[in-house]
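One structure below.
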Amino acid sequence: MRKAGTLPQTTTAPANPACVIAAGQRCEHALVDPQLNRSLSAYEQVVRSRFAAIVETLKALSAEQHELDFVPRAQHLARERLGYELPGALLGEAWVSGLDLRALHSYCIFRSFKQCIDQAVSDQASWRERMTLDDEFVRACGYHTLDISPCADGRLQGLLPFVFRMAPAPSIMVKAYAGAMFDVEMDAADWTHRELERLSGGIPDCADGRYLKIAVYHYSTSNPCDQGCAAHGSNDLKATDSALARLNELRAAVENTFGRGAAPDILLVGVDTDIDAIRVHLPDGNGDISPHRFVESASLYHDTLGMTAQAARAHIEAEVDRAENADGWARGHGGVEAGLHRLILRLLENNLSQIEYVIQHHAGRYAVIGHNERFICAGESMSELQLRNKFYFAHLDTVEEGAACMDVGIKIFTGLNINHGLPVPVLVHFHYNGRVPGARERSITRCKRVKAAIESRYPQLHKQGLLHCQMAISDQMGSERCQFIEDDVPVSGH
Ligand SMILES: [Zn+2]
């Protein structure tokens with residue numbers, strides 16, 4: 018057994034570039050919160066174990082399917098290993114037509130996911146309270162809303178609690194799109210909505226707060242040509258430029274509609290999905306971003322390892338200042354605005370903990386640097402489960418609009434599941450507002466419409482039983498979370 022905090026000597030994977038140290042020295046940075054890392058690791062174990070048990074359990078069931086007392090034995094095994102029972106209808110016919118393992122596999126994926134949603138509060142209690150980038154800090158930086166659009170890639174699903182060390186909060190929204198190519202019109206509408214809330218006093222203590230849009234692209238330093246962003250053909254430059262172009266389009270959309278000065282602030286962040294290090298592009302005094310003006314947390318970690326907390330902080334600030342004043346292509350007009358400057362410093366410092374997390378709990382670099390998602394979530398995501406590679410998320414209102422995201426997802430799952438004979442589990446999920454009459458029924462109608470559209474977009478998969486859609490809805494404000502909706506649920510008025 019290797020000691021926690023030292024890199025294994027025999028690994029075939031390249032060492033973590035952030036942790037290049039002499040033999041016997043430990044990667045323990047003064048600005049890292051080790052307690053938070055332990056809590057996040059325990060959380061990761063709990064969540065992963067709920068999914069990891071599925072295949073072995075199904076193999077055991079498969080071996081026993083012709084026993085006389087199969088159904089009670091199967092339910093006992095499922096309760097014991099998975100923590101829930103299986104649908105009787107899927108077990109009862111096993112003696113005559115064989116166990117439908119594909120259907121059971123999808124059912125278990127959805128059911129284990131629901132377990133994570135139902136137990137999110139207790140699962141996450143130990144790390145939520147240690148997060149320093151919370152609602153209060155965001156407000157202190159002058160923002161009433163952080164609107165974050167990462168790529169839909171499952172490797173970015175742990176972005177908030179892990180990579181950014183950000184506590185879930187009402188002021189923080191996450192809308193993932195393939196290649197971080199968010200919908201400008203929808204974002205302009207969200208901006209309008211939040212500004213109206215602010216102006217009408219609906220957001221407490223934020224009379225003059227601002228709106229920050231963050232786009233998050235990603236890349237892979239160890240396998241840049243294959244494991245970068247699938248939506249941009251693993252072309253890092255294209256991923257960066259495209260996300261930046263969207264940010265500028267959003268600024269123009271709001272400014273052209275509501276006048277000069279109305280536009281939201283923007284921030285562009287890149288994530289190296291091998292080691293979860295970040296690259297923060299620094300806006301200049303006009304709020305303009307250059308693909309060439311940035312600071313990277315991996316080199317900050319490397320350069321400040323062994324320093325006191327105070328010295329490390331001073332070094333990070335100096336590096337940000339240096340980048341702000343860079344010349345050539347990186348040149349900007351003036352420094353970052355004070356509130357955003359503070360937020361950027363916190364993001365960089367927080368990410369040091371995640372770099373060390375990957376060093377200590379994932380041997381320096383993720384063992385699976387590529388895709389390993391369990392299912393596709395289409396529609397609106399639930400903020401309760403945020404962990405790397407748990408699901409691929411396609412934010413969509415209609416399948417027509419979200420087609421590009423769905424296609425990338427299906428392509429990823431062709432490699433992960435279909436090529437191994439397993440179906441693609443797709444969770445179609447939407448929120449409703451329980452205070453609005455009829456909203457619940459309308460969200461069910463919407464689920465049904467999107468499910469039907471997904472099935473007709475991939476007719477071959479659907480016909481072969483390789484596409485399993487489960488519908489689910491959640492009340493934005495209330496206690497109904499990820500409630501499964503079956504096909505035969507009638508919808509009033511339709
Ligand atoms: Zn991507």
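With this note's numbering as the guide, the letters of the sequence shown map in order to residues 18 to 511.
Every residue gets a Cβ at the ideal spot worked out from N, C-alpha and C, and that includes glycine.
Asked                                                                                                                                                                                 : Found
Please find out if some non-hydrogen atom of ligand 1 comes closer than 7 Å to the beta-carbon of H235.                                                                               : yes
Could you check the C-alpha separation between P442 and C125 for me, to the nearest Å?                                                                                                : 10 Å
Taking 8 Å as the threshold (C-beta atoms), are H93 and L439 in contact?                                                                                                              : no
Got a sec: does ligand 1 put a non-hydrogen atom nearer than 7 Å to the Cβ of C168?                                                                                                   : yes
Could you give the DSSP three-state label for P300: helix, strand or coil?                                                                                                            : coil
If you reduce the DSSP assignment to three classes, tell me which class G510 lands in.                                                                                                : Low local confidence applies: a pLDDT of 43 at G510 is under 50, so the model's placement there is unreliable, and no value is given.
Give every residue of the same chain whose Cβ lies closer than 8 Å to the Cβ of E266, excluding the five residues on either side of it in the sequence, and list them in chain order. : V201
Answer yes or no: the CB of A411 versus the heavy atoms of ligand 1, is any distance below 7 Å?                                                                                       : no
Compute the distance between the beta-carbons of S259 and G171, then report whether it is under 8 Å.                                                                                  : no
Candidates F87, R98, L362: which alpha carbon is nearest G105's?                                                                                                                      : F87
On a Cα-Cα basis, can you pick out the residue from Y409, T290, E417 that is closest to K428?                                                                                         : Y409
Could you check if R19 is buried or exposed, using at least 16 other CB atoms within 10 Å of its CB as the buried criterion?                                                          : Its pLDDT being 34, under 50, R19 is placed unreliably by the model, and nothing is read from it.
Which residue comes first and which comes last in the beta strand (DSSP E) that contains M487?                                                                                        : Inspection of the sequence shows that residue 487 is occupied by Gln rather than by Met. Its beta strand (DSSP E) spans residues 484 to 492.
Considering only the beta carbon of each residue, do S237 and T290 sit closer than 8 Å?                                                                                               : yes
Taking L229 as the reference, give the member of V72, M198, P300 with the closest Cα.                                                                                                 : P300
When DSSP labels each residue in this structure, what does C394 get in the three-state scheme?                                                                                        : strand
May I ask whether a heavy atom of ligand 1 can be found less than 7 Å away from the beta carbon of A247?                                                                              : yes
Taking the beta carbon of C281 as the centre, do at least 16 other beta carbons fall within 10 Å, making it buried, or is it exposed?                                                 : The sequence shown places Pro at residue 281, rather than the Cys named in the question. Buried, by the Cβ-count rule.
Are Y160 and G226 close, meaning C-beta to C-beta below 8 Å?                                                                                                                          : yes
Under 7 Å from any heavy atom of ligand 1, does the C-beta of G159 make it?                                                                                                           : no
Under three-state DSSP, which class holds S400?                                                                                                                                       : coil
Thinking R474 and V416 are a contact (beta carbons under 8 Å), I'd like their distance in whole angstroms, please.                                                                    : 6 Å
Can a CB atom of chain B be found closer than 8 Å to the CB of F179?                                                                                                                  : Included in the structure is just one protein chain, with no chain B present.
Am I right that I231 and L163 are in contact with their C-beta atoms under 8 Å? What's the rounded C-beta distance?                                                                   : 6 Å
Does DSSP put M198 in a helix, in a strand, or in coil?                                                                                                                               : coil
Cα-Cα, which of E146, G276, E102, L177 is closest to D293?                                                                                                                            : L177
Is it true that the segment 41 to 58 meets the segment 382 to 397, where meeting means three or more beta-carbon pairs spaced less than 8 Å apart?                                    : no
I want to check one thing, is the minimum distance from the CB of G419 to the heavy atoms of ligand 1 below 7 Å?                                                                      : no
So what does DSSP say about A142, is it helix, strand or coil?                                                                                                                        : helix
Applying the criterion that 16 or more other CB atoms from any shown protein chain within 10 Å of the CB defines a buried residue, is T28 buried or exposed?                          : Residue placement at T28 is flagged as unreliable, the pLDDT there being 39, under the threshold of 50; the coordinate-derived value follows with that caveat. Exposed, because fewer than 16 other Cβ atoms sit within 10 Å of the Cβ of T28.
CB of G196 to nearest heavy atom of ligand 1: below 7 Å?                                                                                                                              : yes
Which term fits Q377, buried or exposed, when burial requires 16 or more other beta carbons within 10 angstroms of its beta carbon?                                                   : buried
What runs of the beta strand (DSSP E), each 3 residues or longer, lie entirely inside the segment 300 to 331?                                                                         : 311 to 313
State the beta-bridge partners of S7 as determined by DSSP.                                                                                                                           : Because the chain here runs from 18 to 511, residue 7 falls outside it and cannot be looked at.
Measuring CA to CA, which of M190, S58, G349 is closest to L143?                                                                                                                      : The sequence given here places Ser at residue 143; Leu does not occur at that position. Among M190, S58, G349, the Cα nearest to that of S143 belongs to S58.
Among R215, V425, M494, Q477, which has the Cα closest to the Cα of A169?                                                                                                             : V425
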